[in-house]
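Below: one structure, written as structure tokens.
Protein chains: 2
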Amino acid sequence: MTKENHTKYAILGLLTTGCHSGYSIKQMIDGSLNHFWKISYGQIYPTLKQLVEEGLATVKDTTQTGKPNKKEYYLTSDGKTALQSWLNNPIEAIPTEKNELLLKLFFSRHQHADITINQIDHYLNQLTERYHTYLSIEQLITENLLDQADSPFWLITLDYGKRTTKAAIEWCEDTQEKLKE
Amino acid sequence: MTKENHTKYAILGLLTTGCHSGYSIKQMIDGSLNHFWKISYGQIYPTLKQLVEEGLATVKDTTQTGKPNKKEYYLTSDGKTALQSWLNNPIEAIPTEKNELLLKLFFSRHQHADITINQIDHYLNQLTERYHTYLSIEQLITENLLDQADSPFWLITLDYGKRTTKAAIEWCEDTQEKLKE
DNA sequence: CTTTACATGTAAGACGTTACATGATTAA
DNA sequence: TTAATCATGTAACGTCTTACATGTAAAG
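Going line by line, the protein sequences match chains A and B. Using the UniProt record's numbering, count along the first sequence one by one with no gaps and you end on 181. Using the UniProt record's numbering, count along the second sequence one by one with no gaps and you end on 181.
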């Protein structure tokens, strides 16, 4: 198995969703992929440059009226092929997601129960906020973007986020009850 | 906020669970923390060394009959204080967990539906396997380790894994149905 | 005239894995 | 004698974030 740089393919994919500059890719990630992928500018710009070097994309300097100049990237046919073949390959093993709350909980016999309950409460708040963010994005997609060809798949990824977050929220509530005894 | 090295605290915590050598810490992680934390030897040994340098732990060379020598690490009172204060601090923002399947799904309009369904099927298999691993560990803890003071908290972290994995499994099944239409 | 949004980029460093290197002891 | 388990460690490399650096253009 050759080592795959997933971030590279994330950007390759984003170039097919109407994003063509580093800046707009970043906006898309922060707005719509945020619950399962995150990329900083420190990765985006070097990766775009690299895609061009590898012949997977082309650049074009464009002038805009009313806005600064920007660089527009477009997939080459090699780039499209690379994206396709990545999409076809089955994903490798599910990585372990680090969870700091569970790590603390694992050692919580050294702690008073009410402190542990507060920790969970804090986590619960963050999960709830996240859940509402998902609902907002869902509404946005349903109302404004149903014309976009990608939107059914975007809704599916959101559904995943909603379901797992809801399960985590319920765990918080039940665990707090358990610890109160 | 000072930057916290979570891995350092993970090891600090593990030194309170009956693990005192790099090797046994690694075993514990692979066996019981695997669903929410992972550490390689490349991190463990340098971190243990660092803990001693910072005065949070002490080392002792020990000889064993029938086994190679090993180094035993024990928390100092400073180490216990450091662990306590880390446990008391509320966790920072929930990090985005990268999910390669969702990333591919996000771009899946470029793919035939049956390939996407296969991807999800592969993911489903991995989730199911993971779920059964959780059940095994749960059984092990319930049967053999109920005397251990930490076990109630270990069961709680397992419960988290089971619930979120189950939600993901159900999402797989429902999404496959959806894509078959 | 100042803030916000648009836009691109780099350097340092943190974090983490993998592969490598070594060696003791036991059981088959 | 060979494989498995126990045991410790490092070097190279990949990935990613943060902070820094720079600049345009619109809107208030």
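Cβ atoms here follow ideal geometry from the backbone N, Cα and C, with glycine treated the same way.
message: Let me confirm a value: A/E100 is counted as buried when at least 16 other C-beta atoms fall within 10 Å, else exposed. Which label applies?
response: For the purposes of this step, residue 100 of chain A is taken as the residue at position 100 of the first sequence. Residue environment: A/E100 is assigned as buried (16 or more neighbouring CB atoms within 10 Å of its CB, all protein chains considered).
- prompt: Are the beta-carbon atoms of B/F153 and A/L124 separated by less than 8 Å?
  reply: As a working mapping, residue 153 of chain B is identified with position 153 in the second sequence. As a working mapping, residue 124 of chain A is identified with position 124 in the first sequence. Going by C-beta atoms, B/F153 is not nearer than 8 Å to A/L124.
task: Note down, one range per segment and in chain order, each alpha helix (DSSP H) of at least 4 residues found wholly within the UniProt domain "Transcription regulator PadR C-terminal" (98 to 180) of chain B.
output: Contiguous alpha helix (DSSP H) elements confined to the UniProt domain "Transcription regulator PadR C-terminal" (98 to 180) of chain B occur at 100 to 106, 113 to 144 and 151 to 180, taking only those with 4 or more residues.
- prompt: So with Cβ pairs under 8 Å, would you call B/G31 a contact of chain A?
  reply: In the second sequence, the residue the question calls residue 31 of chain B occupies position 31. Not one beta carbon of chain A lies nearer than 8 Å to the beta carbon of B/G31.
message: On a Cα-Cα basis, can you pick out the residue from A/N34, A/L103, A/L51 and A/T62 that is closest to B/T17?
response: The residue you call residue 17 of chain B lines up with position 17 of the second sequence. Just measuring C-alpha positions, the residue of A/N34, A/L103, A/L51 and A/T62 sitting nearest B/T17 is A/L103.
field: Contacts of B/D150 in chain A (Cβ-Cβ under 7 Å)
entry: To locate residue 150 of chain B, count along the second sequence from 1; it is residue 150. Ordered by position in chain A, the residues that pass the 7 Å Cβ test against B/D150 are R109.
- prompt: How many Å lie between B/M1 and B/E173 at the Cα?
  reply: Counting from 1 along the second sequence, the entry for residue 1 of chain B is found at position 1. Counting from 1 along the second sequence, the entry for residue 173 of chain B is found at position 173. Since pLDDT at B/M1 reaches only 41, below the 50 mark, its modelled position is unreliable, and the value read off the structure follows with that caveat. Their Cα atoms are separated by approximately 42 Å.
task: Within its chain, find whatever has a CB closer than 7 Å to the CB of A/T157; leave out the 5 residues flanking it on each side and keep chain order.
output: Here residue 157 of chain A refers to the residue found at position 157 of the first sequence. Same-chain partners within the cutoff: F36.
- prompt: Which value, in whole angstroms, describes the spacing of the CA atoms of A/I39 and A/I29?
  reply: Here residue 39 of chain A refers to the residue found at position 39 of the first sequence. Here residue 29 of chain A refers to the residue found at position 29 of the first sequence. Approximately 7 Å, taken between the alpha carbons.
field: CB contact below 8 Å: B/H20 versus chain A
entry: Locating residue 20 of chain B in the second sequence gives position 20, where the first residue counts as 1. It does not; no Cβ of chain A falls within 8 Å.
- prompt: chain A beta carbons: is any one of them nearer than 8 Å to that of B/H35?
  reply: Residue mapping note: residue 35 of chain B aligns to position 35 of the second sequence, counting from 1. Judged by the 8 Å Cβ criterion, B/H35 is in contact with chain A.
Close Cβ partners of A/L56 (< 8 Å) along its chain, the five nearest in sequence each way excluded: Along the first sequence, one-based indexing puts residue 56 of chain A at 56. Answer for A/L56: L12, L75, T76, D78, G79 and A82, listed in chain order.
task: Pull out every residue of the stretch 115 to 131 of chain B whose Cβ sits closer than 8 Å to any Cβ of chain A, in chain order.
output: Listed by position along the chain: I115, N118, Q119, H122, Y123, Q126, L127 and R130.
- request: Please name the residue, chosen from A/S24, A/R130 and A/N118, that lies closest to A/L176 on a Cα-to-Cα basis.
  value: Along the first sequence, one-based indexing puts residue 176 of chain A at 176. Note on residue identity: the sequence assigns Gln, not Leu, to residue 176 of chain A. Nearest to A/Q176 by C-alpha distance, out of A/S24, A/R130 and A/N118, is A/N118.
task: Compare the C-beta of B/K166 against all C-beta atoms of chain A and say whether one is closer than 8 Å.
output: Translated into positions along the second sequence, residue 166 of chain B becomes position 166. Contact of B/K166 with chain A is assigned, a C-beta pair being separated by under 8 Å.
field: Any chain A beta carbon closer than 8 Å to residue 185 of chain B
entry: An answer regarding residue 185 of chain B cannot be provided, because it is not within the stretch 1 to 181 covered by chain B.
task: Take A/W86 and list the residues in its own chain whose beta-carbon comes closer than 8 Å to its own, dropping the five residues that flank it on each side.
output: Position 86 of the first sequence, counted from the start, is the residue given in the question as residue 86 of chain A. E4, Y9 and L12, listed in sequence order.
- prompt: In three-state DSSP terms, what is B/K38?
  reply: Counting from 1 along the second sequence, the entry for residue 38 of chain B is found at position 38. In this structure, B/K38 counts as coil in the three-state DSSP scheme.
field: Short CB-CB distance (under 8 Å) between A/E170 and chain B
entry: As a working note, residue 170 of chain A is residue 170 in the first sequence. Yes, its Cβ sits closer than 8 Å to a Cβ of chain B.
message: Nearest by alpha-carbon distance to B/E138: which of B/T116, B/G22 and B/L33 is it?
response: Within the second sequence, residue 138 of chain B is the residue found at index 138, counting from 1. The candidate whose alpha carbon is nearest that of B/E138 is B/L33.
Proximal residues, the UniProt domain "Transcription regulator PadR N-terminal" (11 to 84) of chain A versus chain B, C-beta separation under 9 Å: Residues of the UniProt domain "Transcription regulator PadR N-terminal" (11 to 84) of chain A with a C-beta atom less than 9 Å from some C-beta of chain B are L12, G13, L14, T16, T17, S32, L33, N34, H35, F36, W37, K38, K80, L83 and Q84, listed in chain order.
- prompt: Which two residues bound the contiguous beta strand (DSSP E) that contains A/L75?
  reply: By 1-based counting over the first sequence, the position of residue 75 of chain A is 75. Per DSSP, A/L75 belongs to the beta strand (DSSP E) from K70 to L75.
- request: Locate the alpha helix (DSSP H) running through A/T65, then write down its first and last residues.
  value: Walking along the first sequence from the start, residue 65 of chain A turns up at place 65. Careful: A/T65 lies outside any alpha helix (DSSP H) and carries neither H nor E.
task: Using 10 angstroms around the beta-carbon of A/K162, count the other beta-carbons present and answer buried if the total reaches 16, otherwise exposed.
output: Counting from one through the first sequence, the residue named residue 162 of chain A turns up at place 162. For A/K162, the number of other beta carbons within 10 angstroms of its own is at least 16, and it is reported as buried.
- prompt: If you count every other CB in all the chains shown that lies within 10 Å of the CB of A/G31, and 16 or more means buried, which is it?
  reply: Taking the first sequence and counting its residues from 1, one reaches residue 31 of chain A at position 31. Classification of A/G31: exposed, given that the 10 Å Cβ count is below 16.
task: Please confirm whether A/S21 and A/K60 have their CB atoms less than 8 Å apart.
output: Here residue 21 of chain A is taken as the residue at index 21 of the first sequence, counted from 1. Here residue 60 of chain A is taken as the residue at index 60 of the first sequence, counted from 1. No; because the gap between Cβ atoms is not below 8 Å, this pair is not in contact.
message: For chain B, check one thing: does any of its Cβ atoms lie closer than 8 Å to the Cβ of A/A93?
response: Translated into positions along the first sequence, residue 93 of chain A becomes position 93. Chain B, which has a Cβ nearer than 8 Å to the Cβ of A/A93, makes this yes.
Segment limits, alpha helix (DSSP H) that includes B/M7: For this step, residue 7 of chain B is matched to residue 7 along the second sequence. The residue you asked about is not Met; residue 7 of chain B is Thr in the sequence shown. Here the alpha helix (DSSP H) through B/T7 covers H6 to L14.
message: Taking 8 Å as the threshold (beta carbon to beta carbon), is B/E97 in contact with chain A?
response: Within the second sequence, numbered from 1, the residue matching residue 97 of chain B stands at position 97. Yes, B/E97 counts as interfacial toward chain A.
- prompt: List, in order along the chain, the chain A residues whose C-beta lies closer than 8 Å to that of B/I156?
  reply: What you label residue 156 of chain B is simply residue 156 of the second sequence in a count that begins at 1. Chain A residues near B/I156: L105, T175 and K178.
task: Measure from the alpha carbon of A/I91 to the alpha carbon of each residue in B/R130, B/I120 and B/I169, then state which is nearest.
output: In the first sequence, residue 91 of chain A corresponds to position 91, counting from 1. Measuring from the Cα of A/I91, the nearest candidate turns out to be B/I120.
query: Beta-carbon of B/D159 versus every beta-carbon of chain A: anything under 8 Å?
result: Translated into the one-based positions of the second sequence, residue 159 of chain B becomes position 159. Yes, B/D159 lies at the interface with chain A (some Cβ there is under 8 Å from its Cβ).
Unbroken alpha helix (DSSP H) run spanning B/S24, endpoints: Residue 24 of chain B sits at position 24 when you count from the first residue of the second sequence. Looking at the DSSP string, the run of the alpha helix (DSSP H) that includes B/S24 is G22 to M28.
Own chain residues within Cβ distance below 7 Å of B/C19, not counting five before or after: Translated into the one-based positions of the second sequence, residue 19 of chain B becomes position 19. Around B/C19: I25 and M28.
task: From the DSSP output, in three-state form, read off A/T47 for me.
output: The count along the first sequence starts at 1 and reaches residue 47 of chain A at position 47. The answer is helix: DSSP assigns A/T47 an H, G or I state.
- prompt: What residues of chain A sit near B/L87, judged by a beta carbon separation below 9 Å?
  reply: One-based indexing of the second sequence puts residue 87 of chain B at position 87. The answer, in chain order, is K104, F107, S108, H110, Q111, I115, T116 and Q119.
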